[in-house]
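Enquirer:
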Amino acid sequence: MENEIKSLLLDNAKALFGEIIDEKLIQFQKTRKDVEGDLTLVIFPFVKMLKCSPSEAGEKIGVFLQSKLDFIKSHNVVSGFLNFTISDEYWLTQLSKMNKDSRHGYAPENSKSTLMVEYSSPNTNKPLHLGHLRNNFLGYSVAEILKANGHKVVKTQIVNDRGIHICKSMLAWERFSPLNSKGERESPENTVLKGDKLVGKYYVEFDKQLNKEANEIIASWETGEFDGFADYVVDEFNRLDSSKSAKNEKSIDGINTKIKDLAKNETGLLRDAKEMLVKWEGRDPQVYLLWTTMNSWVYKGFESTYKAMGVDFDQLYFESDTYVVGKDLIADGLKKGIFFKKEDKSVWIDLSDEGLDAKLVLRSDGTAVYMTQDLGTAFDRYRDFPDLNGIIYTVGNEQDYHFKILFLILKKLGFTWAENCYHLSYGMVDLPTGRMKSREGTVVDADDLMADVVAQAKEMTQERGHIEELSTEDKNALYELIGMGGLKYYLMKVDPKKSMMFNPEDSIELNGNTGPFIQYTHARIKSLLNKAGSIEEYLNVSLREEESEIIKHLTHFPALISEAGKAHSPALIANYTYDLVKLYNHFYQSVYILKEENEDLKNMRLILSKNVAKVIASAMSLLGIKVPEKM
RNA sequence: GGGCUCGUAGCUCAGCUGGAUAGAGCACCUCCCUUCUAAGGAGGCGGUCUCAGGUUCGAAUCCUGACGGGCUCACCA
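Taking our numbering, the leading residue of the first sequence gets 200, the next gets one more, and so forth.
1. So the candidates are V628, Y569, D210; which of them puts its Cα closest to the Cα of N596?
2. Put G354 into one of helix, strand or coil per three-state DSSP.
3. Just to confirm the assignment: which complete beta strand (DSSP E) runs, minimum length 3, are found wholly within the region 446-531?
4. If T521 sits next to D564, beta carbons under 8 Å apart, how far is it from one beta carbon to the other, in whole angstroms?
5. With DSSP as the reference, label A567 as helix, strand or coil.
6. Could you check where the beta strand (DSSP E) with V241 kicks off and where it finishes?
7. What's the call for K414, buried or exposed, on a 16-neighbour Cβ count within 10 Å?
8. If we count Cβ pairs, one from each stretch, closer than 8 Å, do we get three or more for the region 319-334 versus the region 672-685?
9. Would DSSP call I548 helix, strand or coil?
10. With hydrogens ignored, establish whether the beta-carbon of K499 is closer than 8 Å to any heavy atom of the ligand MG.
11. Starting from G684, trace the beta strand (DSSP E) both ways and give me its first and last residue.
12. For G595, which residues does DSSP report across the bridge?
13. A617: which of T576, A557, N309 sits nearest, CA to CA?
14. Any idea what DSSP makes of D543, helix, strand or coil?
15. From the DSSP output, read off the bridge partner residues of V277.
16. When burial is assigned at 16 or more other CB atoms within 10 Å of the CB, is N202 buried or exposed?
17. Look at the alpha carbon of A758 and the alpha carbon of N774, and state the distance between them as a whole number of angstroms.
18. Pick from P307, S340, D210, N309: whose alpha carbon is nearest that of L623?
19. If we call anything under 9 Å between Cβ atoms a contact, is L561 one with T571?
20. Below 8 Å on the Cβ atoms is my guess for F152 versus D360; work out the distance and round it to an integer in Å.
21. Any idea if G423 is buried or exposed, counting beta-carbon neighbours within 10 angstroms, 16 or more meaning buried?
22. Does G633 come out as helix, strand or coil in the three-state DSSP assignment?
23. Using the beta-carbon count (16 or more within 10 Å), is S252 buried or exposed?
24. On the three-pair Cβ rule with 8 Å, is the region 291-311 touching the region 808-822?
25. Using C-beta distances below 6 Å, list every residue in its chain close to T456, excluding the 5 sequence neighbours before and after it, in chain order.
26. Per DSSP, F227 is paired with what?
27. Determine the DSSP secondary structure at K311, reduced to helix, strand or coil.
28. Name the one or two DSSP bridge partners that D287 has.
29. Excluding sequence positions up to five away, which residues of its chain have a Cβ less than 7 Å from the Cβ of I707?
30. Relative to the C-alpha of V594, which candidate in A812, P321, M508 has its C-alpha closest?
31. Note down, one range per segment and in chain order, each beta strand (DSSP E) of at least 3 residues found wholly within the region 317-402.
32. Please report how far the alpha carbon of F584 lies from the alpha carbon of L314, in whole angstroms.
33. Can you list, in chain order, the residues of its chain whose CB lies under 6 Å from that of D395, leaving out five sequence neighbours each side?
34. Among residues of its own chain, excluding the 5 on either side of M475, which ones have a beta-carbon nearer than 8 Å to its beta-carbon?
35. When burial is assigned at 16 or more other CB atoms within 10 Å of the CB, is S660 buried or exposed?
36. Among K809, G589, R438, which one has its Cα closest to the Cα of S726?
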């Protein structure tokens with residue numbers, strides 16, 4: 200519709216305006232609610248070349264277009280805006296087209312390039328929390344949206360399974376786990392803890408013990424006891440300690456932190472952890488066995504969490520594999536002069552011509568840093584999928600700088616595909632009490648939250664009592680569908696780029712702009728359609744405004760999917776669906792559908808309802824949200 | 001301190017490639033179930049779009065500055 204008007208104006212620009220016009224001058228917008236019409240053209244851009252008032256210009260263009268296009272029933276001009284009213288026939292044709300198209304809104308499958316979407320990418324020491332939920336839901340949804348746009352999509356993640364932090368939890372478990380009557384240490388089999396929770400517990404335990412030991416060291420230093428410590432450590436302590444005098448409270452805190460770090464470095468515990476890392480890199484059999492055992496616990500625990508989330512992956516990557524690839528890349532780039540080596544043998548890249556500092560890519564002891572493995576991972580992925588046309592990294596915005604540099608280095612290494620890498624940078628999820636902090640115990644656990652939300656859905660659904668006839672199994676499935684739908688919608692209706700507030704108190708809300716509200720409308724339509732049985736053809740109907748508004752909105756669905764894909768934004772899908780549901784509910788309460796006596800009208804309204812349900816289901820599936828037949 | 005980013009109703013958020021009188025939900029107040037699912041609908045209350053300049057026919061939207069919040073600038077990940 201817009202396109203037809205646009206090309207007509209472009210083709211006849213000479214006759215209408217006396218000159219060729221730029222396509223950008225043709226601006227459409229939604230017609231205001233209080234003005235008659237379905238589509239509005241902004242007239243201001245044409246006023247100058249027509250040398251007349253906006254209303255005269257609008258009238259001239261309006262008359263011209265209406266004479267050429269039969270879908271324009273009438274037009275009016277209000278203060279510089281040309282409003283068209285579109286004929287019922289046009290809308291009815293649109294409705295019947297989409298009714299025949301089971302994939303309304305979707306581009307043909309695999310009609311576009313292959314993309315990879317990375318999301319989740321957990322640290323194996325930390326059970327998944329609320330922040331990961333936003334990440335997983337977003338990543339999964341963006342992947343689905345890109346598929347709907349015709350892309351072939353590979354869902355992936357990079358598992359953060361190596362490094363000193365992993366050794367910390369291994370060491371803590373070996374050293375601090377109590378033994379049971381059979382002489383076994385704690386495991387998922389002999390405790391009630393999920394594997395990821397168990398490992399996470401020992402990661403925390405390591406930190407606790409480390410602090411304890413560091414405090415003991417500081418206490419001895421403070422009494423002047425320095426036996427067994429290197430001279431530079433003692434000097435550093437004395438320097439820091441004496442600099443405390445004559446300072447304000449804040450800088451004293453900073454100095455104390457430095458002293459703490461100094462002492463931590465001197466603990467036997469940390470030394471042993473580092474030793475373990477060296478052994479791990481040397482593939483020491485005993486350490487390797489411990490590593491694979493504890494990792495398998497974590498994966499099993501994560502698996503059940505992913506299942507509850509309803510997300511999946513096509514291909515996994517492990518840092519324990521890709522850091523080696525990264526090291527090779529760096530050795531190679533070093534030869535080519537892209538990187539440089541300092542005296543201490545650490546390897547860097549100079550980014551000063553980009554206005555940035557130099558960045559470390561390999562430690563002086565030759566071990567890998569975060570950047571090293573990310574370079575390797577990207578390279579690995581393009582090697583595995585030669586037709587890959589881009590990677591979308593779903594990672595929080597605290598890593599904006601990291602990704603800027605990662606893409607820059609890949610470019611400098613000569614990988615042309617680096618230009619197609621995109622950081623889907625999303626904002627933090629804050630609690631009413633502020634940011635989640637593990638040390639303060641304010642982290643909202645993913646498993647707990649999901650269980651909670653499903654339990655609340657159960658309670659609230661039972662209160663309504665709409666579904667007594669369902670089997671227990673179906674009821675449970677419904678509670679999960681509603682609870683998870685509410686949670687997912689809550690986390691995805693906000694623009695991904697923005698940080699958002701999560702209030703656990705009303706994490707599952709049923710009214711207003713929520714998942715269950717949308718699900719409810721779907722269920723209501725389904726119930727209507729079931730009662731109606733088969734739907735007959737209809738003829739000669741005229742539309743109410745409520746009806747043409749809905750068809751107009753449904754017609755926009757294909758463009759919406761395209762926009763959401765370009766913007767990598769599930770929020771656009773969520774808001775669109777909410778608007779659709781509001782339009783439908785308004786319609787539902789203003790007319791009879793099943794009880795309508797005019798058969799043609801009744802059938803048209805049923806077809807309309809059916810297509811609303813279809814689009815709701817499609818849109819929600821793009822968000823990873825299921826919709827019920829009954830609720 | 002440098003860089004990035006955000007600031008819209010009491011709260012949570014839309015709107016931002018410049019366009020008409022800035023929109024929703026929650027909360028609060030009225031109404032509507034002998035209508036097909038009231039997890040619904042209709043209405044009311046609520047705004048100096050942080051502030052100050054600028055660009056122009058027109059600015060919540062673009063530019064500059066100030067103020068306030070967040071992130072980041074590790075041989076951490």
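Backbone N, C-alpha and C fix where the C-beta goes; we use that ideal spot for every residue, glycine too. Since we're looking at a predicted model, the values are computed, not measured.
Expert: Looking at the coordinates:
1. Ranked by Cα distance from N596, the first of V628, Y569, D210 is V628.
2. Looking at the sequence provided, one finds Lys at residue 354 rather than Gly. Note: K354 maps to strand in three-state DSSP.
3. 514-517
4. That pair is no contact at about 19 Å.
5. strand
6. 238-241
7. Residue identity differs from the one stated: residue 414 is Asn in this sequence, not Lys. So N414 ends up on the exposed side.
8. no
9. strand
10. The ligand MG is absent from the structure shown, which contains no ligands of any kind.
11. Counting along the chain, G684 falls outside any beta strand (DSSP E), though it belongs to the alpha helix (DSSP H) covering 671-691.
12. Y625
13. Ranked by how close their Cα comes to the Cα of A617, the residues T576, A557, N309 have T576 in first place.
14. Looking at D543 - three-state DSSP - the assignment turns out to be coil, as it is neither helix nor strand.
15. F280, per the DSSP bridge assignment.
16. exposed
17. It is roughly 14 Å from the alpha-carbon of A758 to the alpha-carbon of N774.
18. S340
19. yes
20. Because residue 152 is not part of the residues shown, which for the chain are 200 to 830, the question remains open.
21. exposed
22. strand
23. Under this definition S252 is an exposed residue.
24. yes
25. Result list for T456: empty, nothing under 6 Å.
26. L240
27. coil
28. BP columns for D287 are empty, so no partner.
29. For I707, where only same-chain residues beyond five positions count, the Cβ hits under 7 Å are V652, Q655, A656, G682, G685, L686.
30. With distances taken between Cα atoms, V594 lies closest to P321.
31. 351-358
32. 10 Å
33. Within the same chain, D395 has close Cβ partners P326, V497, G500, F501.
34. C366, M369, L370, V486
35. Checking the displayed sequence, the identity of residue 660 turns out to be Thr instead of Ser. T660 comes out buried.
36. K809
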